[in-house]
Amino acid sequence: MVMYSDPLPPSSASSVSALARFIRTTVNQARDHKFLEKWMSWASYLLGKAANAGPEGRFQFFGPEDGEVSINSNYRTDWNDAHFGFPGRARFFTSWSTMNYFRIFCANPRPDGSTSSNGVSDANVCVHIHKDYAEKFVSIITQEYPDTLAE
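Numbering (my numbering), first residue to last: 3 to 153.
Dropping the structure here:
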């Protein structure tokens, strides 16, 4: 399903915590059935448009347009439950992301087998950012969350 939020206020654009609160508000809105009905019709429109497009235009991935960001959260699906007999050692890695498309997953196990900090489950976030913005993005993340950025 594709669901658009209100535009992010420019004053919040460089704050990861403000962005997280903004995303949380959108997620909470998505839990309201009346709000959700509106966006289901939008997803239906996009799927119909893809189905009726010529061969070059047929696809079912609706990535962000210019100036937009998409968020695909699989956080509630704990990949660590599929450990194939190796609890605390099996890891999941995503092999794909596209520009301005965030993918969120439960964290992979640490060397000690845990996936949480202070009892709160960690998350892995995968995002592809244009090289012109990468340095600024990393700078913002490390300023607000100095212990969270993985290589």
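By construction, the Cβ of each residue, glycine as well, lies at the ideal position given by its N, Cα and C atoms.
Neighbourhood of residue i by C-beta, 7 Å cutoff - its chain only, sequence neighbours within 5 removed
i: G87; result: none
i: P66; result: S72, N102 and Y103
i: F139; result: I131
i: Y77; result: I106, F107, C108 and A125
Rounded Cβ spacing between residue i and residue j (contact assumed at less than 8 Å)
i: P111; j: R93; result: 7 Å
Neighbourhood of residue i by C-beta, 6 Å cutoff - its chain only, sequence neighbours within 5 removed
i: N126; result: F107 and A109
i: P148; result: none
i: D80; result: C108
Buried/exposed call for residue i, threshold 16 Cβ in 10 Å
i: Y103; result: buried
i: S123; result: exposed
i: N30; result: exposed
i: S46; result: exposed
i: N82; result: buried
i: K36; result: exposed
Sequence-distant residues of its chain with Cβ nearer than 8 Å to residue i (five each side left out)
i: S99; result: R105, C128, V129 and H130
i: P57; result: none
i: E153; result: Confidence is the limiting factor: at E153 the pLDDT is only 47, short of 50, which leaves the residue's position unreliable, though a coordinate-based value still follows. So the list is empty, once near-sequence residues are dropped.
i: F95; result: N110
i: H85; result: R91 and A92
Under 8 Å between C-beta atoms of residue i and residue j
i: E146; j: S19; result: yes
i: S16; j: I142; result: yes
Bridge partner(s) assigned by DSSP for residue i
i: R105; result: N74 and C128
i: S14; result: In DSSP, S14 forms no bridge with anything.
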